[in-house]
Structures are given as C-alpha cells and as structure tokens.
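Using the working numbering, read the sequence shown as starting at 2 and increasing by one per residue.
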Amino acid sequence: MGHPHHSHDGHDTRSFEDLVAEGAAVPTEGWDFSWFEGRATEARPSWGYAVSLAERLAGPGVAAALDIQTGGGEVLDFALRHTPKAPLLTVATEGWPPNVAKATALLAPRGVAVVASPEPGPLPFADGAFDLVSSRHPVRAHWTEIARVLAPGGIYFAQHVGPHSVFELVEFFLGPQPEEVREGRHPERERADAEAAGLEVVDLRAEELRMEFHDIAAVVHFLRKVIWMVPGFTVEAYEPQLRSLHERIRDEGPFVAHSTRHLFDARKPRRR
C-alpha cells in the first residue's frame, strides 16, 4: 500500500502549508514519539536505557526508588512492567502540569505516587530517602539534590542529553552558537559536578546518534515538543527558515542531524 500523499519515489507531495499545519496540530504532552513513525528516525543508544532501568529497579537493596522529571511516565511505566521485582515504594516527580496529569493516569495503577515538583527547585523529599534515583533526559541534573535524597550506597542511574545535540537543526534556525552553548551538558563537565556533590561515578558512556527528518511537519512537531531546542519557537516566527528547510528536504531528501546521549551510573558512598 502506498501512502495517499506520497509520490512513487516516496516523497510527500503535500504543500508546505498543509505539512506545517499538521505538525502544529499534534498534541505534545508526554514522551511518546510514535507520531514520528515514517516521518523521522533516531538511532537508539546501544545500552537500552529503559530495559537497563528495569534491571536496576530489581537490584539488591532497592526498596525505595525515585524517577525525576518523569515526563508522561512512559519510560518508568515500561521499566516497571519489565522488572522482575519492583521496589516497595516508587515515586516520580514532574514539573509540567499536563505531564503531571498524564504520568499520574499511567503510573497510579502501578502504585506510583507522582509528585508535582517545579523545575528547577529542591526535591520535596527527606535526606537519604531513596536507594535508586533515575531520570531520562532531565533538563539539567541538580547534583546536590540528587546526592542529598540518595541513601548511603544508593545509585543514580540516568540517560542524559549530551552537548550540541541536534545542533545541525538548532543552528539552521538560530545560526552558529557560541562554544559555551555548544559544550553545555558535556559529560566530563557533568562528571565533575557529580563528584563535587559527593557522588562516585561508576560508569559514564557517551554516544552520538544519527537522526533524519523526512518532512517539515516532523521538524515543526519536534521543535514544539522539545521546547528548549529553539527557545520561543513558533511557526509564525520561523516561517522563512521552515519554508527554506521544506524546499531543501523536497530537493535533497531527509535532513540529517545527530543527537548525543550519555549514560550515568553514580553511587553515593557509604558512610566511612
């Protein structure tokens, strides 16, 4: 079956206006990326974060777990469904109200309390409350707070977005970015911050992953969903760049960018 809007060479034949309107209309809550199927692709890190998190949740001595900035709760929900043994207590935090509602609906049936916790701000938990703290793509890691709520011997296990992630797309819209911006979230800088907060970094792995955007609707939806890429992005404000990128994709094929990810495995030392 061919796609009704595709020519026989696979190109989307709809107008710029139709594609932009579609990308602008798709709801952006949660971290479900299934809408991008067939319109954009992103390679996945080799370590398989959600499956690895499922294993960590079942780890020895993990009675209480916390997932920070859980989004719509999808990753934690997957991990809890695939863990051989869930912790006695699992809590998640999220700062964006639509996602708080979405995560609560998804995770409450699993016995997970979702706590509305504004970003950035202190975590609303006692010192040493959790044996495992996890996060997938936190906006930024608040290392002193993570270290504070971890019990001695507790683990921070997370996948972070790395430096200059998807910057081919960012710089298409914003122009060349200063080095300080390009190198923000560098894994070695984050390692130093984690160690300064008193954590021991057990493992830190980084990968660069190929992304392809097959039409301008996918670009519009991506920039509306991942709001920190092009701050203040609207279709109206960036109409000339969008039109130029639409023509480039139509003439040259998919727009290629590269995302960066790193996996953190850090431990709070036991009291000497």
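All residues carry an ideal CB built from backbone N, CA and C; glycine is no exception.
Residue nearest to P121 in terms of C-alpha spacing, selected from T94, A109, F256 and G112: Working through the sequence shown from its first residue, we reach residue 121 at position 120. When only C-alpha atoms are compared, the closest one is T94.
Integer Cβ distance of H259 from M212, believed to fall under 8 Å: Against the sequence shown, residue 259 aligns to sequence position 258. Against the sequence shown, residue 212 aligns to sequence position 211. Confirmed, Cβ separation roughly 7 Å.
Distance between T71 and P255 (C-alpha atoms, nearest Å): For the purposes of this step, residue 255 is identified with residue 254 of the sequence shown, where counting begins at 1. For the purposes of this step, residue 71 is identified with residue 70 of the sequence shown, where counting begins at 1. The straight-line gap from Cα to Cα measures roughly 31 Å.
Spatial neighbours of W144 in its chain, beta-carbon cut-off 6 Å, leaving aside the 5 residues before and after: Numbered from its first residue, the sequence shown carries residue 144 at position 143. Short of 6 Å from the beta carbon of W144, and not among the five residues preceding or following it, lie these beta carbons of its own chain, in chain order: D194, A195 and A198.
CA-to-CA distance, A152 to R249, given in whole angstroms: To locate residue 249, count along the sequence shown from 1; it is residue 248. To locate residue 152, count along the sequence shown from 1; it is residue 151. Taking the Cα positions, R249 is about 52 Å away from A152.
Three-state secondary structure assigned by DSSP to Y157: Within the sequence shown, residue 157 is the residue found at index 156, counting from 1. Strand at Y157.
Own chain residues within Cβ distance below 7 Å of E43, not counting five before or after: The count along the sequence shown starts at 1 and reaches residue 43 at position 42. Contacts found: L210, M212 and S260.
Under 7 Å between C-beta atoms of A64 and A80: Locating residue 64 in the sequence shown gives position 63, where the first residue counts as 1. Locating residue 80 in the sequence shown gives position 79, where the first residue counts as 1. Taking 7 Å as the Cβ cut-off, A64 and A80 do not qualify as a contacting pair.
Selected residue, minimal CA-CA separation from A104, among H83, I69 and E181: Within the sequence shown, residue 104 is the residue found at index 103, counting from 1. Closest option to A104, Cα to Cα, is I69.
Closest by C-alpha distance to F168, when choosing among P123, A102 and M230: In the sequence shown, residue 168 corresponds to position 167, counting from 1. F168 has its Cα closest to that of M230, out of P123, A102 and M230.
Spatial neighbours of D78 in its chain, beta-carbon cut-off 8 Å, leaving aside the 5 residues before and after: Counting from one through the sequence shown, the residue named residue 78 turns up at place 77. Cβ within range, chain order: L107, L108 and R111.
Extent of the continuous beta strand (DSSP E) run through K251: As a working note, residue 251 is residue 250 in the sequence shown. Before going further, note that residue 251 is Arg rather than Lys in the sequence given. No beta strand (DSSP E) holds R251; the alpha helix (DSSP H) holding it covers E240 to E253.
Reference G185; option with closest CA among V162, G176, S47 and L224: Taking the first residue of the sequence shown as position 1, residue 185 is located at position 184. The shortest C-alpha separation from G185 is found at V162.
G155 to V202 span [Cα, whole Å]: For this step, residue 155 is matched to residue 154 along the sequence shown. For this step, residue 202 is matched to residue 201 along the sequence shown. Rounded to whole angstroms, G155 to V202 spans 12 Å at the Cα level.
Simplified DSSP state of D266, which is helix, strand or coil: As a first step, residue 266 is located in the sequence shown; it is residue number 265 there, counting from the start. In the structure shown, D266 sits in a strand (DSSP, three-state: E or B).
Anticipated Cβ contact below 8 Å, H187 with P164, distance rounded: Along the sequence shown, one-based indexing puts residue 187 at 186. Along the sequence shown, one-based indexing puts residue 164 at 163. About 5 Å separates the two Cβ atoms, so the contact holds.
C-beta atoms of H215 and R40 nearer than 7 Å: To locate residue 215, count along the sequence shown from 1; it is residue 214. To locate residue 40, count along the sequence shown from 1; it is residue 39. In this structure, R40 lies closer than 7 Å to H215 by Cβ.
Extent of the continuous alpha helix (DSSP H) to which D19 belongs: As a working note, residue 19 is residue 18 in the sequence shown. F17 to A26 is the extent of the alpha helix (DSSP H) around D19.
Beta carbon of T84 nearer than 7 Å to that of A66: Taking the sequence shown and counting its residues from 1, one reaches residue 84 at position 83. Taking the sequence shown and counting its residues from 1, one reaches residue 66 at position 65. Between T84 and A66, the gap from beta carbon to beta carbon reaches 7 Å or more.
D216 (DSSP reduced to helix, strand or coil): Taking the sequence shown and counting its residues from 1, one reaches residue 216 at position 215. The answer is coil: DSSP assigns D216 none of H, G, I, E or B.
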